[in-house]
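Asker: Take 13 as the starting number for the sequence shown in this note's numbering and just add one per residue. C-beta atoms are modelled at their ideal positions from N, C-alpha and C, and glycine is treated no differently. This is the structure I have questions about; it appears just below.
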Amino acid sequence: MQQQQNNMTQPNGMMMKPPVMVTVKDSLYLTDMLSWNLLAMKKAHFFAQHAQDPTIKSQLEKCGQMHQHHYERILSHLDANSQPMAQQQQ
């Protein structure tokens, strides 16, 4: 047990690699992050459609694209992590 713990953490307490399993708390936090980014993306898109100032419209579109990128990045991390597990179960 102690040796396994030493492999995962450095002396400063930082993990060398993420754990294999996602806890319920982690799962809930990931769901929240996806929801926050999706909502921010939708709001930015909505307000960009209704903005009259081209500068503000451009910045709102840029903000929406940023949140979309974050949303897709979180999904790609989750998908990348699920692939090896699916292959191991087969």
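#1: Along the chain, where does the alpha helix (DSSP H) that runs through threonine 43 open and close?
#2: Between leucine 72 and alanine 60, which are expected to be in contact by the criterion C-beta below 8 Å, what is the C-beta distance as a whole number of angstroms?
#3: Compute the distance between the beta-carbons of cysteine 75 and alanine 92, then report whether it is under 8 Å.
#4: Is histidine 89 buried or exposed, if buried means 16 or more other CB atoms sit within 10 Å of its CB?
#5: Out of Asp65, Met27 and Ser47, point me to the one whose CA is closest to glutamine 80's CA.
#6: What is the DSSP secondary structure of methionine 27, reduced to helix, strand or coil?
#7: Can you give the Cα-Cα distance for asparagine 24 and lysine 69, rounded to whole angstroms?
Answerer: Reading from the atomic positions:
#1: DSSP places threonine 43 inside the alpha helix (DSSP H), whose first and last residues are 36-62.
#2: Their Cβ separation, rounded to whole angstroms, is 4 Å, which keeps leucine 72 and alanine 60 in contact under 8 Å.
#3: At least 8 Å separates the beta-carbon of cysteine 75 from that of alanine 92.
#4: When all chains shown are included, histidine 89 counts as exposed.
#5: Considering only alpha carbons, the answer is Ser47.
#6: Residue state, collapsed to three classes: strand.
#7: So the two alpha carbons sit approximately 45 Å from each other.
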